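For the sequence shown, my numbering gives the first residue as 1, with consecutive numbering after it.
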Amino acid sequence: MNQFIAIILASALTLFSWGNLARAADNSIELKMVAEKEVETVNSSGKKELKRVEPALVTPGEEIIYTLSYSNTGKEIAKNIFITNPVPQHMAYKPNSAAGESTAIVYSLDGGKTFDKPENLKVRTSDGKERVAMAANYSHIRWIIQKPLPPGTKGDVSFRALLQ
């Protein structure tokens, strides 16, 4: 079981240290990443609730929620911003889980070299035929922020992945 802890913590550290790529004209976008999992708890009135916690133990098939917070720390409006993040090693992207307000979301199959909408991403099968890629084939996710960010503006983008 300790191997699974190491995998998720290594994945989280990898995302934070080199995986997050944001671009703005003046390099004023600051990023922070959090990896969490949802656990069921019972509140004081006996009602079940889902609570997000830092993952101490993750087993195959469990879902992790990655949230990337961004903020414009500069003095100017930031434009043409995108955030690119790899799907962590030993994880499979959960279909349709990427989210972000006022963003266009595209995916890569080739290590982040090219991006497109899911319906345009194709893979070749063992018999040589092409088919639409599955979410598990995605190597990277990119959020394109659709509006300029004034100084001090913050936001979040996120995705979910399953430990393989």
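Every residue, glycine too, gets a C-beta built ideally from N, C-alpha and C.
Since we're looking at a predicted model, the values are computed, not measured.
(request) Could you pull the start and end residues of the beta strand (DSSP E) that Val-39 belongs to? (result) Along the sequence shown, one-based indexing puts residue 39 at 39. From DSSP, the beta strand (DSSP E) with Val-39 extends over 29-42.
(request) Just grab the DSSP bridge partners of Thr-153 for me. (result) Residue mapping note: residue 153 aligns to position 153 of the sequence shown, counting from 1. None; Thr-153 has no bridge partner.
(message) Judging by CA-CA distance, which residue of Lys-37, Pro-60 and Gly-61 is the nearest neighbour of Leu-50?
(response) Along the sequence shown, read from residue 1 onward, the residue named residue 50 stands at position 50. Nearest option by C-alpha distance: Lys-37.
(request) Look at the alpha carbon of Ala-92 and the alpha carbon of Asn-137, and state the distance between them as a whole number of angstroms. (result) Residue 92 sits at position 92 when you count from the first residue of the sequence shown. Residue 137 sits at position 137 when you count from the first residue of the sequence shown. One C-alpha to the other measures close to 8 Å.
(message) Tell me which residues share the same chain as Asp-110 and place their Cβ nearer than 8 Å to its Cβ, disregarding the 5 neighbours each side in the sequence.
(response) Within the sequence shown, numbered from 1, the residue matching residue 110 stands at position 110. If we look at Asp-110 and ignore the five residues flanking it on each side, its Cβ neighbours are Ser-139.
(request) Please go through the stretch 65-136 and give each complete beta strand (DSSP E) segment of 3 or more residues, from N-terminal end onward. (result) Correct list: 82-86, 91-93, 103-108, 122-124 and 130-132.
(message) Can you check which of these residues, Thr-84, Gly-61, Glu-101 and Ile-77, is closest to Phe-115 by C-alpha distance?
(response) Here residue 115 refers to the residue found at position 115 when the sequence shown is read from its first residue. Of the listed residues, the one whose Cα sits closest to Phe-115 is Thr-84.
(request) Indicate whether the contact test is met: 3 or more Cβ pairs, each with one atom in the stretch 62-70 and one in the stretch 118-125, closer than 8 Å. (result) Verdict: no, contact absent.
(request) Determine which residues share a DSSP beta bridge with Lys-48 and list them. (result) For this step, residue 48 is matched to residue 48 along the sequence shown. Val-42.
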